[in-house]
Each structure stands twice: as structure tokens, then as C-alpha cells.
Amino acid sequence: MAINSNNETQILKTANAELQKISGASIRHSSMTKHKEGNPAAILEIKFRKTRQEFFVEIKNEVREHTIKGWVELVRTKKDQWLLVARYIPAPIKEFLKKHGYNYLEMTGNCFISTDQLFISINDREVKHVLKKPEGKLWKPTGLKFLFVVLDDPGMLASSQRAIAEAAGIALGNISSFLEELRQSGYLVADGKLEKLQHREKLVDRWVEAFHMTLRPKLIRDKFRFISTEKQKAWTEVELPGLYWSGEPGADLYTNFLVPEHFMLYTALPTTELIKDLKLIPDTNGNLAVLDKFWGEWKSETAVPYAAPLLLVYAELKNSLDSRNWELAEKIKSMLLNGN
């Protein structure tokens, strides 16, 4: 998400002040400049004990997988010279940055700064007060369920409000207000006697971000591993109604493009049934995540058997920290938006 220079300045100043207060370091930065990704937004100097070091600074609002991947690739060969400063960085991305040696600083003062001369690591600062969620009922959990159906399958807009509600798994009384919010926001326009979505790609990107922030955390059930490597390799042989593979296995069902390493499954089936039929073992560090199915009685026009709808597969791939999934995410997005 792009942010203007005033917001960048505020994020950097606040982050600097918090880090100084917590660590005792002396910090100063250069004037902000207009920049494009790959060029620094500022130069930051940190004096800590007997060490002084300068960093090129990249500033972001809320860091998401799809907003960080380009920067990671651009600075990969000189990452110890760079510092990512952000209002908020989700925990999985912090772990990724830390594991691969990228320096970061949150507005609350949480940071990981590690070079040959300098090491500062802080990870206990409260971050909730800096989070900004999208406004409007559309961007709350029930609205996201509605958007999921009409973004994945815009043809549903020609259906009755009752049919849309049943597909989304939400109360009928919500549909009218959601449609009106789309109209007022300029996303739903007249097309003869019907209505159609416009700026669908922008809506998709907003949905993906809001889904991971607002809805998905409520859906997480358990993590597992397959009982054996052979059972993992044979995952496609289990044809159990009510399974919806997302992420890597979902993408494989649509494209036959990769061998999944990390598995993701949406379902309403009982956990005991999954363990029995898929031959799973509960494991908090396992490579199979089970989440609760959140939509209703609906089959997307583009769906393939046992795969989650394209929008959900795309959302999970885009959220991946595995760079091999980023290109595949764009392919899935093209299938979603263009049918190819």
C-alpha cells in the first residue's frame, strides 16, 4: 500500500523515538525524499555504545507478503546496508526477515538489526494500537464472506439476494447493505438491466489483505503432518467430499505446476474424520494446516474438484513466504481475473 511522504515521515520519526527510548541508541535520519522501490526513502544513522552505522531506509505502512517480496529481491545482495521501517510487520514476516538476515524496525520499537558491527533485537512491544483495519461493513468478517463469492464468481451478482446469501453462508438481511456499499464506493455500476463489478483487481487485492488481517485468524483449526512420506505424496488419491485444498496443493490442482511442500485444507468435516481418511498426526510444527470452511452452499464457476475457489488459493499463495509461490500466485490471479 502506497503511503505519502508525510505518513512516511511520521512512521520513521515515531519508530526512531521508540527505539532510542528502549535501547538507549542515538538515532538521526536524513530528510525524506520522493523515491521508488529500491532507492532509499532516507538515510538512518544509529549510534549504539561504541558503534556507529548508517542504513538505507525503506518505509512501508503495514507489511504484507505481496508488498515485501519485490523489496526483498532488490536488496538481497546488500541487505546488511538496508533497514525496513514499518508501522506494522506480521509475526511470520518478522521470522522470515530475521531468518534471512534482513533488518527491520516497527513503529513500536520492535526490531531486528544485525550486522557485523551492530546487533539490536527487541520483540516485546505491543503493536495493536498501530493497526488500521479497512473501514465499512464490507471489510468485516461477514462482508468479506460476501465479497469472497462475488469476487471469485461475479456472475453471482445476477442471482437473487437469497442465492448470494446462501452461497456466502451469511444472513439474507446483509446483502442489500453490502451491495449499496459497493455502489457508493464505485465498485458496482449499472450494465443495462444488471450491475457489474469494476476495478475488480483492486478489490481482490484489498480483499486478500483484509482476509489475512480480519477473517483468516478466526478460521485456523489445527496443524498436522502426514503419517508417512508415501501418504503425503498420495494426497490427491483421497477423494473425500468436503475437502477444499488451498495454497500449494490447491494451485497444483488448477495448474499441475508444482509438487506441494506445505499443505492447506479448508473443510467443515470433523477433525477425527480428517485424521482417519488422510492418515494425519497432530503436530504443531506440521506442514498441513486445517482451517474451517467459511462459505456456504456454492460452487464457483471456475472450481475444480477438491480445490478451494481460485480467490482463496491466490490469497494463500500471495501470503506465502516461499518465493517459488509468488510467480504461481500471479498465474492463479490471471486465471481468476482473465480465465487463463
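Numbered according to this note's numbering, the sequence shown spans residues 8 to 347. Idealized CB from N, CA, C, for every residue including glycine. The structure presented is a predicted model; accordingly, all values stated were derived computationally and were not measured.
Between Tyr261 and Val320 a beta carbon distance of about 7 Å is seen, short of the 8 Å cut, so the two are scored as contacting. Comparing C-alpha distances from Leu145 to each of Trp302, Leu210, Ala241 shows the shortest one belongs to Leu210. Non-local beta-carbon contacts of Phe264 in its own chain, meaning distances under 7 Å to residues more than five positions away in sequence, involve Ala258, Leu335 in chain order. Per DSSP, Pro148 is one residue of the alpha helix (DSSP H) stretching across 148-159. The alpha-carbon separation between Ser37 and Asn46 amounts to approximately 14 Å. Burial check for Gly254: the Cβ neighbour count within 10 Å reaches 16 or more, so the residue is buried. Assigned with DSSP and collapsed to three states, His269 falls in coil, not helix or strand. The beta-bridge partner set that DSSP reports for Ala174 is empty. Rounded to whole angstroms, the separation of the alpha carbons of Asp198 and Ser184 is 20 Å. Per DSSP, the continuous alpha helix (DSSP H) segment holding Asn345 begins and ends at 331-345. Collapsing the DSSP output to three states places Asp123 in coil. Counted as a single uninterrupted DSSP element, the alpha helix (DSSP H) harbouring Asp259 occupies residues 254-262. Between Leu19 and the set Arg83, Phe218, Leu112, Lys106, the nearest pair of CA atoms involves Leu112. Nearest C-alpha to Pro316 among Ala48, Gly180, Ala174: Ala174. With distances taken between CA atoms, Lys300 lies nearest to Ala314 out of Glu69, Arg331, Ala314, Glu244.
By the Cβ neighbour-count rule, Phe55 is buried, with 16 or more other Cβ atoms within 10 Å of its own. If you compare the alpha carbons of Gly150, Phe62, Thr58 with that of Asn23, the shortest gap goes to Phe62.
Counting along the chain, Phe185 sits inside the alpha helix (DSSP H) bounded by residues 182-191. Between Thr58 and Gln17, the gap from beta carbon to beta carbon reaches 8 Å or more. If you compare the alpha carbons of Ser30, Lys67, Ser33, Ile29 with that of Glu15, the shortest gap goes to Lys67. Between Glu208 and Leu344, the C-beta spacing is below 8 Å.
For Thr279, the enclosing alpha helix (DSSP H) begins and ends at 278-285. Taking 8 Å as the cut-off, the Cβ atoms of Thr291 and Arg228 do not count as close. Ranked by Cα distance from Ala217, the first of His269, Leu281, Glu72, Lys147 is Lys147. A Cβ-Cβ distance of about 7 Å is found for the pair Phe153 and Asn181, placing them in contact under the 8 Å criterion.
Minimum Cα-Cα distance from Glu246 among the listed residues Arg213, Ala275, Ser235, Leu285 corresponds to Leu285. In the displayed model, Pro289 falls within a strand according to three-state DSSP. Collapsing the DSSP output to three states places Leu226 in coil. Going by beta carbons, Ile53 and Ala32 fall inside the 8 Å limit. A residue is called buried once 16 or more other Cβ atoms fall within 10 Å of its Cβ, and Thr236, having fewer, is exposed. Contact annotation: Val70 and Ala93 have beta-carbon atoms nearer than 8 Å. Take the alpha-carbon of Lys76 and the one of Glu244: they are about 34 Å apart.
In this structure, the beta-carbon distance from Leu195 to Phe233 does not fall below 8 Å.
Gln60 has Ile53 as its beta-bridge partners, per DSSP.
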